[in-house]
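Trainee: In this note's numbering, the protein residues as written are 34 to 536.
Just so you know, even glycine gets a beta-carbon here, dropped at the ideal spot from N, CA and C.
This structure is a prediction, so every number in the text was calculated from the model and none was measured.
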Ligand code: ME8
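Okay, structure coming up:
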């Protein structure tokens, strides 16, 4: 099976922060899970470069827009590389391969009449580069809901996309394929707004700057940055080798950009007669220490702060925290240092780290570092129930649920240590076989956990496997999750604490 997952392409004018890192990490977890299952995965992220802000900032810094974009795109690329993100490509909308395709798509839409030239007047949010509908502009008292700056009344000759044609098709789509927009609350929001009626949307701008992609056959208008940006998902895989990946299996985004992804994008694809993505998954927001992150408060968890967390706790601890406590559902999540510290100690050090460490230490102490023979079914049923729940949840991108199931099993295994008290069995030679069984079951549960943490904590997974003596190389999910795969006689490696406790 193929699996194509995308993140938003990020505005190249901003510096990477926890929000960008979050969506990209979540996509990375999905990609790694599907690779573990043997799927043919394509994972795309990138940068959105044709915003007017780029021209302004470049001018302020005395460089060309392209130089400014190059520099800032690199910040995103470096950040994702440093965070071990396993994207298969990084699309930049200023790349020729994208520009050619974006022009081609607009050309197709001009031919079908889905794009036409007309007049536009409305309330414009310069920071977001979008027009707000009259009622929204009024509701926000003619100020940007994003940065509070006054909206500007703007009039221009524009190319429009005939969105008004597609209301019924979109409602039908949401009816027939409810999973198209996830979570449900977001689908309902979209449906209600579509029912209020759809206007045609302006998809071009003028402004004298060359920065942007030209509307084909027009020397003045460039393609509005949002339309240009949405095309990235298609343009990147619109080649002979990659066409097999379309349609995208999931576009991961946050709720701020739902309308573009759940309404404008599918309408354009219908107009282009292309297959529609299977899902648009709009998560909620991270807030910081109980407050909304904003420029004015200066409380972004920015890349410097992220680096600090990584050096204090390790990259995998950050990935775990993001995945387990992140805003995948409809509620916002708080990124707070005290909470991070508690989670690290309680869930990584005391639960997972402790289980691995005590299991391997006991095998060293009681069995000379060699995994013994199984003698009963011990933790098997618990393991199988957990694996089934984990798989089903991972397939639905319910990472919180999958980690709940997995950590439930970690807790169960720790409990099993207490119940079976190997230190008592070790004192009685008549119980040697029983002790073999207990130690085998624990080692096997550690092996299984090493496989299932792979998408979330790839480095930890490797470390557990090296300590257990089974090597970093993994088979596919289906075979690795068979209970009893650990060979008796496996010589365990050097044992070291995975998550030293923090104060
Ligand atoms: O909107 N919590 O780019 P952008 C969680 N270029 N995620 C957050 C977040 C937060 N507080 N803040 C941002 C754009 N994000 C356009 C997209 S796509 C064709 C064009 C994440 O740089 C989240 O994924 O403003 C959100 O949707 C995205 O960053 C917005 O990134």
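Once DSSP output is grouped into helix, strand and coil, what is the label at residue 521?
Mentor: In this structure, DSSP gives residue 521 a state outside helix and strand, which the three-state scheme calls coil.
Trainee: Looking at the ligand ME8, does it come within less than 7 Å of residue 121, judged from the CB to the closest heavy atom?
Mentor: no
Trainee: Quick test of the definition: if touching needs 3 or more C-beta pairs under 8 Å, does the stretch 38-50 touch the stretch 102-114?
Mentor: yes
Trainee: If I measure Cβ to Cβ from residue 2 and keep anything under 7 Å in the same chain, skipping five residues before and after, which residues do I get?
Mentor: Residue 2 falls outside the range modelled here, since the chain spans only 34 to 536, and no answer is possible.
Trainee: Among all the DSSP beta bridges, which residues are the ones paired with residue 349?
Mentor: The partner list for residue 349 (beta bridge, DSSP) is empty, contrary to what the question assumes.
Trainee: Give, in chain order, every unbroken run of the alpha helix (DSSP H) that is at least 4 residues long and sits entirely within the stretch 200-251.
Mentor: 200-209, 217-228
Trainee: Flag residue 532 as yes when its Cβ comes closer than 7 Å to any non-hydrogen atom of the ligand ME8, and as no otherwise.
Mentor: In this structure, the ligand ME8 has no non-hydrogen atom nearer than 7 Å to the beta-carbon of residue 532.
Trainee: On the DSSP letters alone, give me the boundaries of the beta strand (DSSP E) that residue 108 sits inside.
Mentor: For residue 108, no beta strand (DSSP E) segment is defined; the enclosing uninterrupted segment is the alpha helix (DSSP H) at 98-115.
Trainee: Are the CB atoms of residue 357 and residue 436 nearer to each other than 8 Å?
Mentor: yes
Trainee: Short of 8 Å in beta carbon distance, which residues of its chain neighbour residue 193, apart from the five on each side in sequence? Order them along the chain.
Mentor: 148, 149, 150, 151, 153, 233, 234, 235, 236
Trainee: Compute every distance between the C-beta of residue 47 and the non-hydrogen atoms of the ligand ME8, then say whether any falls below 7 Å.
Mentor: yes
Trainee: Jot down the residue ranges of each uninterrupted alpha helix (DSSP H) in the stretch 36-91, minimum 4 residues, whole runs only, in chain order.
Mentor: Correct list: 51-69.
Trainee: Between 208, 57, 397, 37, which lies nearest to residue 355 when the distance is taken from Cα to Cα?
Mentor: 57
Trainee: Is it true that the stretch 363-383 meets the stretch 472-488, where meeting means three or more beta-carbon pairs spaced less than 8 Å apart?
Mentor: no
Trainee: Would you call the stretch 286-298 and the stretch 64-73 touching, i.e. three or more CB-CB distances under 8 Å?
Mentor: no
Trainee: For the putative contact between residue 491 and residue 71, defined by C-beta atoms under 8 Å, what is the C-beta separation to the nearest angstrom?
Mentor: With 8 Å as the limit, residue 491 and residue 71 do not qualify as a contact, their Cβ atoms being about 17 Å apart.
Trainee: Could you check whether residue 123 and residue 52 sit closer than 8 Å to each other, using their CB atoms as the reference points?
Mentor: no
Trainee: Flag residue 319 as yes when its Cβ comes closer than 7 Å to any non-hydrogen atom of the ligand ME8, and as no otherwise.
Mentor: yes
Trainee: Could you name the residues that DSSP lists as bridge partners for residue 194?
Mentor: 148, 234
Trainee: State yes or no: is the C-beta of residue 265 nearer than 7 Å to some heavy atom of the ligand ME8?
Mentor: yes
Trainee: For residue 522, which of 484, 497, 508, 472 has the nearest alpha-carbon?
Mentor: 472
Trainee: Is any non-hydrogen atom of the ligand ME8 found closer than 7 Å to the C-beta of residue 290, if you look at the structure I gave you?
Mentor: yes
Trainee: Within the continuous beta strand (DSSP E) that includes residue 122, where are the two ends?
Mentor: 122-125
Trainee: Confirm the yes/no value for this check: CB of residue 427, any heavy atom of the ligand ME8, distance under 7 Å.
Mentor: no
Trainee: Could you tell me whether any non-hydrogen atom of the ligand ME8 is closer than 7 Å to the CB of residue 301?
Mentor: no
Trainee: Using the C-alpha atoms, what's the distance from residue 96 back to residue 247?
Mentor: 22 Å
Trainee: Rounded to the nearest angstrom, how far is the Cβ of residue 278 from that of residue 382, given a contact under 8 Å?
Mentor: Between the beta-carbon of residue 278 and that of residue 382 there is about 40 Å, and that puts the pair past the 8 Å contact cut.
Trainee: Determine the closest residue to residue 302 out of 89, 322, 280, 483, with distance taken between C-alpha atoms.
Mentor: From the listed residues 89, 322, 280, 483, the smallest Cα separation to residue 302 is found for 280.
Trainee: DSSP three-state call for residue 529: helix, strand or coil?
Mentor: coil
Trainee: Would you check whether the ligand ME8 has a heavy atom nearer than 7 Å to the C-beta of residue 271?
Mentor: no
Trainee: Compute the Euclidean distance between the alpha carbons of residue 92 and residue 243, then round it to the nearest angstrom.
Mentor: 13 Å
Trainee: Roughly how many angstroms separate the alpha carbons of residue 496 and residue 505, rounded to a whole number?
Mentor: 8 Å
Trainee: Using the three-state DSSP reduction, which class does residue 178 fall into: helix, strand or coil?
Mentor: coil
Trainee: Just verifying my parser: in three-state terms, what is the DSSP assignment at residue 491?
Mentor: helix
Trainee: Would the C-beta of residue 287 count as close to the ligand ME8, meaning under 7 Å from any of its heavy atoms?
Mentor: yes
Trainee: Does residue 321 come out as helix, strand or coil in the three-state DSSP assignment?
Mentor: strand
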